[in-house]
Each structure stands twice: as C-alpha cells, then as structure tokens.
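Worksheet: the structure to be examined is printed underneath.
Protein chains: 2
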Amino acid sequence: MTIEIKIEHTTNKKEKPASMDGVVFGTQFTDHMFILDYDAGQGWHDARIVPYQPIMMDPAAKVFHYGQTIFEGLKAYATEDGRVLMFRPTKNIERLNISNERMSIPEVDPELALEALRQLILTDREWIPEGEGNSLYVRPFVIATEPTLGVSPSRQYKFMIILSPVGAYYAEGINPVKIFVESKYVRAVPGGVGMAKTAGNYAAGLKAQEGATELGYSQVLWLDGVHRKYIEEVGSMNVFFKINGIVVTPALNGSILSGITRDSIIQLLKHWDIPVEERILSIDELEEAHKEGKLEEAFGTGTAAVISPMGELNWQGEKMVINEGKTGELSAKLYETLTGIQKGVAEDPFGWTLEVKA
Amino acid sequence: MTIEIKIEHTTNKKEKPASMDGVVFGTQFTDHMFILDYDAGQGWHDARIVPYQPIMMDPAAKVFHYGQTIFEGLKAYATEDGRVLMFRPTKNIERLNISNERMSIPEVDPELALEALRQLILTDREWIPEGEGNSLYVRPFVIATEPTLGVSPSRQYKFMIILSPVGAYYAEGINPVKIFVESKYVRAVPGGVGMAKTAGNYAAGLKAQEGATELGYSQVLWLDGVHRKYIEEVGSMNVFFKINGIVVTPALNGSILSGITRDSIIQLLKHWDIPVEERILSIDELEEAHKEGKLEEAFGTGTAAVISPMGELNWQGEKMVINEGKTGELSAKLYETLTGIQKGVAEDPFGWTLEVKA
Ligand SMILES: Cc1ncc(COP(=O)(O)O)c(C=O)c1O
Ligand SMILES: Cc1ncc(COP(=O)(O)O)c(C=O)c1O
C-alpha cells in the first residue's frame, strides 16, 4: 500500500513561543494539522495536512450529542544532536484502535496513522521546543460527524492530529503532589468504557477534580466503582506504590487505561530486577502499609508528566504522608531514565524511540 | 429581567418533507437554530436565532476531547385546532441544569431557555408536521468550546437548540419490541454520570446496542453495574413492569436518567388509583414472576416513542415472552392518554402542556 498525504502549507505562519516558561499545557498549537475523512461505504479517505484552522461542524454531528469519539496522546522530542524522536508511537496507534473498537468506530490503518504522525511532525519540525523537559505534545483523535440524532454508530468520522509545544509538566521540576482519594464519585466500572481513551471518561471526572482542587489537592485517586475500595488510577495517570521493597500497580481489569508509560515502567523495573506486581490493591492495604511504615514511595505515570511522585494521600480526611513528602529514590531514577531515553541522551535498550526522518 | 433574542431569518428556506412516512428520526432539520455563548467572566451572552448552519469549531475544543456536553430532548405538537403545544418543557429545562451541574457546566437561566424554545419554535412553526404521531423534536444542548487540552472544565460554551420534524416512532403504530438483557456491558454506575443526560452515556451504550441488533433485538435492557442484576433502563427509555397487578419501575438511584415520561406515567397511574412502586427490581424477580405467569406487561417510556411495549426479554438465552408478545391493555391506555394530552385532544388534568403563543 502506498500512502499518499497531500500537504497544503500555511502562508501565514504563527509566532512560536519564545520560551516554554509559563506556557500552559495544551494552549498553543502549531501551524498545521492532519485530517482523514471516513464515509460509510467508502472507508477512510483524503489524507491531508492543512493549515491549523477551525473545522465546520453540523450542530447535529453525533459527537456533540452522543460522544462517539476517542483520542490519543504522545510526545515528540528534539534531541541535542538535532534529531526528532517519537516515544513508542506504535503503542499509541495500537491503543487508538482498541479504543475505536470499544466505541464502535472503524479502525484506522496503523501504517497510515504512523505516516501521518511522521509527516505532520516533520512539517511542523521547527515547533518542537528544545531544552530540558520540553517536547511537542501530539494529539490524534477521531470524532463522529454524521449529522443525525438517532443513537447509533456514526457513518461519518474525522481522524485528526494536532500538535502543541509543551514545557515540563511541573515547572519546578519533579515534585511530589498531594492526591485526594475519591470516595463519592466513580470514573469507570468493568463492562464500561474505562479501558478506552474516550471523551466521556474525562467528562465524568471533572466534578471530582473540582472538589479536590478546592481542597488544595492536585488530582483525585479513583477507587473501583463496584467495591469502592480498590485502587484504579489518578487523573490521567496510572499509579504505582512501592510497598516494602515491592512495586505494586493495579492490574488492567477493564476499567483502567492501559498506559504506555505504565508499560514502560514495568519493563524498566523488570530489567533492573526490581520486583513488580500487577494485581488488585485496596486502599485498606495502602493504609495498613502506611501505618506500618512500609509505604515507601508512590507515583503516577503518564505521557504528560512522565512520573509524578505523590507526597500525600488524603483518604476520608486521614492524611498519609509518603516518604516525608519528598520524591523517592526509585521515582527519581525512573524519571531520569525514561526522560533520558525519550530525549535521546540515555541508552534505549528496548528500542522505544523512533526517529522521525525526512 | 428582559430577555432579548436577536433573530436573523433565513433567506433560503429548505424544502419540508411532503409526508413524514419513511422520514428517519433526527435526519431533517428546520430552517433556524438558537445559539447562546458563554465566556468565563462574562457569563452567557448573545442569545440569537440564526439560519440553521454548520458551526466553526477549533479542533482543540474540549467537547471533542473530554466530552463536556449535555443535552435534552422534548417535543412540540401541532393540535388539530391550530395551536402549538410543548410537553412539560420546564421539566426538561430543570433536568438540563441538573445535567449541567453534574458535568461542571454553568447553569443556563431557565427563563431564557424557555423563551428561546418559544421563539425558535414560533420561528419554525410551519415545520411542525400535522397528523397522528407526528411532532417537532426539540434538541437543546451545551458543548464545551474552549480550545485547550488541559483536563478541566471549559471556560467557553455554546448552548444551542435545533429542531427536527419527526414521525411516529414506530411507523406501524404501537407494537411490542424485543429486548436483549445485557450481561456483558454496563451503562452506568452510582457515583458516575448515569443520571445526567450527557454524551458519554450514549457512546458507552453503542457496542452493546450493536450486539443486540445483530441478534435481532431492538434495544438492550441495562442491569446495574455493581451487582449486575438490578434493572436500570432500556436504551433511551425508562422501564415499567406490571407484576401481579402492581406497576413497578426502578427507583432513581443515581445511575438512571430521571425520565419526564416516567414521571408522567407515575402520576397518571396514581391518578387512576393503579398501584405503582418505585423500587429496586432484579432480573431474577422478573424471571420468577414470568415463570409464575405474573409478569403481565412491560413497557419502556421516553420522549421519542412515548410508550414502547416490550413483547420479549432475552436473558442469557432464555426468552421471556410477555403478554403473548402483544401490547398490554395498560400500555395501550397509557399511550392513548399521554399522546392525547400531548396532542391537545385529551383533557390535561395536570397542566402538562404549555401553549407556544406569538
Ligand atoms: C485515564 C488515563 N490513565 C492513564 C494514562 C496514562 O497513559 P500513558 O502513559 O499512555 O500516557 C492516561 C493518559 O495519558 C489517561 O488518560
Ligand atoms: C438514557 C435515557 N433514559 C430515559 C429516557 C427517557 O426520558 P424522557 O422520558 O424524559 O424522554 C431518555 C431520554 O429520552 C434517556 O436518554
């Protein structure tokens, strides 16, 4: 299969941020975007790169009413020696299609998706910010565009990719955050769509997030929706706990997103011969471990922050301070290693980075 | 408060369907639509009626990525004596704001919403189809339009109303449908967003619906996501069962939508001194009642179909045929009464209809 992507270059380049300091995540976009259309009967067609611009949407488009949409998030990095690296993009494309399948959206050809990433990133190559912690955030997504109000899978879609230059997630460097363990609201449940990266999961979390923010917490930790006691994930991150020397992360049970950073961390830990367990983990077990002084480290993992140490968990008013609120040794080592691989300064034993070449 | 709505009339009227026969639900839209904008700091502003047209959306608009959106659905009817009636619109506006609250969307002024409904319906008055079972389906909705990728409530929204002329939901009249009791997938769970009319709930149901359709069933009956045994609702309808002379409907538990048809049915039944219970109801109880010959009638209730009798329930391969697959007496009476009130031909003892006057 030959993949043809038409490119229409902008004649009106935007100004790039002079520095990434103070640039809020996901607020700046590059000069171009990728679009691919789908029509029932015809399949995906008209792959093109065009100037970044608003799209025309019928007010009846199904995405507005029934939320049939999925997305992905990955990053591209500018290395010190002038190369451009993507981190495990094929994993994101794989997950894109897992999400598509769950949401009754037609599969996107993985090769076309990868080629679209490559060409779009090259087109906006000069938008990738250099420097420690900076990167180009890449957001592929699919929206249902058929303008009809019946509750059924759309017969028209758009697959798009937009790019946003981003700075280090935490401007002050890797610093522990305070987490609120949510006991009122629920994000997802087995049999639902928690394992898909679909819009509704994020809308469902806004209310709890607002409550946590008001109390001075940066994110909520979700418990499972059935027993209301098993740890699931944090905001847009998977979670890991170092308990008595063993690293534990909730098993993928259908309601948790299968994070690519999560997978990378597990592989790194195994590579280092550090014991790691994917299993069910209750808040009671955490509380118990904390009481006994065995809860040594806790951190979230995700594309945006890479590793985000958790310095405090608030569970129904009880505040569990972890590692005296400081970044743990393992968290720091994982952060160094992973960001080193991503930036092309550390060895990449797993072949995780893919160079974007002209 | 004076409510000012600017009106820009179309100069290019579309052709109206000559008959509603064969017109698929929600595929035709009228000549105009209503828009109201929201910006943080400014609040809701610029209420206007404009020609029905595509809207310009930034590809980063939060609704595409995080599904922050809600909607409503109600109907306007043309009576035989030339009046236009809305059915309980203030209940829809109330629920719109309940959904808004859950989804962290700013409240819409109820008076403005009602006035917008009135003026838009009047503007497209000639689009309301006459005749038995025909009506104008009214779809108010709110979408988050802020073009930023942070997962947080939007600081910009659009509240819109679009109108669609619709025929009787079931072309052949009120006829029992076959329902598949879903045991693999789950729609909602307490602590989640099932009680809000938000897009993600509908996206979450598509996969199960597809499976049911393939097996020849018209809708799925959802069980609760925690115990996987209590009846919740059917597709876009609440459900009622007549068991041994008593009408039972699942209680509003946080994961079920509080249907306005449901509420109307309960009031009608009480008015007629027919015993009605809102309570927890398991699929096992239904199965038991069916075995004992006590499951007398079953029907779904919702704005689109009003009353939809269920002639068969398939629960894990076991087919429970209800009332020999025929429409029950009570279902028929409720349908007659409710559609009679809606169309202005039956007495309206509850004051449910609101005339839309110039
Ligand atoms: C709900 C959720 N969990 C976990 C993650 C982490 O996944 P990844 O490591 O692939 O970024 C994300 C997204 O980034 C997410 O949205
Ligand atoms: C999930 C769901 N349940 C029930 C209903 C019935 O509500 P109403 O009677 O207000 O139309 C609807 C919508 O119409 C719905 O979408």
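Protein chains in written order, with this note's numbering: chain A, 1 to 358; chain B, 1001 to 1358.
Don't be surprised by glycine CBs; every beta carbon is placed ideally from N, CA and C.
The structure displayed is predicted, hence computed values, not measured ones.
Within chain B, the residues that residue i reaches when beta carbons sit closer than 8 Å
i: Val342 (chain A); result: Inspection of the sequence shows that residue 342 (chain A) is occupied by Gln rather than by Val. Result: empty, since nearest Cβ-Cβ is about 19 Å, beyond 8 Å.
i: Val220 (chain A); result: Within 8 Å Cβ-Cβ: nothing; Val220 (chain A) doesn't reach chain B, min ~11 Å.
i: Ile143 (chain A); result: Phe1064
i: Val226 (chain A); result: Val1189, Gly1225 and Val1226
Chain A contact residues for residue i, given Cβ-Cβ distances below 9 Å
i: Phe1087 (chain B); result: Here the premise fails: no neighbours, minimum Cβ distance about 18 Å.
i: Phe1350 (chain B); result: Simply none; closest approach about 28 Å.
i: Tyr1170 (chain B); result: Within chain A, no residue comes near Tyr1170 (chain B); the closest Cβ sits about 14 Å away, beyond 9 Å.
i: Glu1210 (chain B); result: Ser104, Ser152 and Pro153
Reduced DSSP category for residue i - H, G, I as helix; E, B as strand; rest coil
i: Arg1139 (chain B); result: strand
i: Ser218 (chain A); result: coil
i: Trp352 (chain A); result: coil
i: Glu146 (chain A); result: coil
i: Leu281 (chain A); result: coil
i: Ser183 (chain A); result: coil
i: Thr213 (chain A); result: helix
i: Gln156 (chain A); result: strand
i: Glu1008 (chain B); result: coil
i: Ser965 (chain B); result: Shown here, chain B extends from 1001 to 1358; a query on residue 965 (chain B) therefore has no answer.
i: Pro1190 (chain B); result: coil
i: Glu324 (chain A); result: helix
i: Glu1329 (chain B); result: helix
i: Glu1297 (chain B); result: strand
i: Glu1175 (chain B); result: Reading the sequence as shown, one finds Asn at residue 1175 (chain B) and not Glu. In the structure shown, Asn1175 (chain B) sits in coil (DSSP, three-state: anything other than H, G, I, E or B).
i: Glu312 (chain A); result: strand
i: Pro1129 (chain B); result: coil
i: Lys1091 (chain B); result: helix
i: Thr1198 (chain B); result: strand
i: Lys1319 (chain B); result: strand
i: Gly302 (chain A); result: strand
Residue i CB to nearest heavy atom of ligand 2 below 7 Å
i: Asn92 (chain A); result: no
i: Asn1238 (chain B); result: yes
i: Leu1257 (chain B); result: yes
Contact list for residue i against chain B, beta-carbon separation under 9 Å
i: Asp124 (chain A); result: Here the premise fails: no neighbours, minimum Cβ distance about 14 Å.
i: Thr198 (chain A); result: Gly1067, Gly1200, Ala1203 and Ala1204
i: Met33 (chain A); result: Pro1059
Proximal residues of chain B, C-beta to C-beta of residue i below 7 Å
i: Phe25 (chain A); result: Leu1149 and Gly1150
i: Gln68 (chain A); result: Ala1203 and Leu1206
i: Val177 (chain A); result: The contacting residues do not exist; Val177 (chain A) stays about 15 Å from chain B at best.
i: Phe29 (chain A); result: Ala1060
Cβ-heavy atom distance, residue i to ligand 1, below 7 Å
i: Lys197 (chain A); result: yes
i: Thr303 (chain A); result: yes
i: Thr1261 (chain B); result: no
i: Glu182 (chain A); result: no
i: Glu233 (chain A); result: yes
Cβ-heavy atom distance, residue i to ligand 3, below 7 Å
i: Gly1073 (chain B); result: Only ligand 1 and ligand 2 can be found as ligands here, which leaves ligand 3 out of the picture.
Proximal chain A residues relative to residue i, where beta-carbon distance stays under 7 Å
i: Lys1184 (chain B); result: Gly191
i: Arg1139 (chain B); result: Leu149
i: Met1057 (chain B); result: Pro54, Ile55 and Met57
i: Ile1162 (chain B); result: Pro59 and Ala60
i: Phe1071 (chain B); result: His65
Within chain A, partners of residue i - CB distance below 8 Å
i: Val1063 (chain B); result: Val63, Phe64 and Ala199
i: Val1234 (chain B); result: Going along chain A, no residue has its Cβ under 8 Å from Val1234 (chain B), so there is no contact; the nearest lies around 12 Å.
Which whole runs of the beta strand (DSSP E) in the segment 15-84 of chain A are 3 residues long or more, in chain order? Runs of beta strand (DSSP E) with 3 or more residues, each lying fully within the segment 15-84 of chain A, are found at 32-39, 43-51, 55-57, 69-71 and 74-78, listed in chain order.
In chain order, which continuous runs of the beta strand (DSSP E) of length 3 or greater are located wholly inside the segment 1231-1278 of chain B? Within the segment 1231-1278 of chain B, the runs of beta strand (DSSP E) at least 3 residues long that lie entirely inside it are, in chain order, 1231-1234, 1238-1243 and 1246-1250.
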